[in-house]
Amino acid sequence: MYFEIYKDAKGEFRWRLKAGNHESIATSGEGYASKRSCQHAIDLVKGTNESTLVKDLSVEKS
1 MYFEIYKDAK GEFRWRLKAG NHESIATSGE GYASKRSCQH AIDLVKGTNE
51 STLVKDLSVE KS
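See below:
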């Protein structure tokens, strides 16, 4: 897997995570004014691990 940093049509920096087959499996939800901010967001994603909490919002409440 690898991350790509690119500029969108507005000139903002965005990231996407690509699988080994080069298909996108995750993308940034927002654009960043600086490449440094975009890289920081990537670092936050890279810092997640198996102990990172997952909130399942698909569960119906009774």
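Residue numbers (our numbering): 1 to 62. Cβ coordinates follow ideal geometry from the N, Cα and C atoms, glycine included.
Nonlocal neighbours in the same chain, by C-beta distance under 8 Å from Ser-28, ignoring five residues either side | Arg-14, Trp-15, Arg-16, Cys-38, Ala-41
For Tyr-32, does the count of other Cβ atoms within 10 angstroms reach 16, so buried, or fall short, so exposed?
-> buried
For Lys-46, the first and last residue of its enclosing alpha helix (DSSP H) | 35-46
N- and C-terminal bounds of the beta strand (DSSP E) containing Ala-19 | Unbroken run through Ala-19: none, as it is neither H nor E.
Can you tell me the Cα-Cα spacing of Met-1 and Leu-57, whole angstroms?
-> 27 Å
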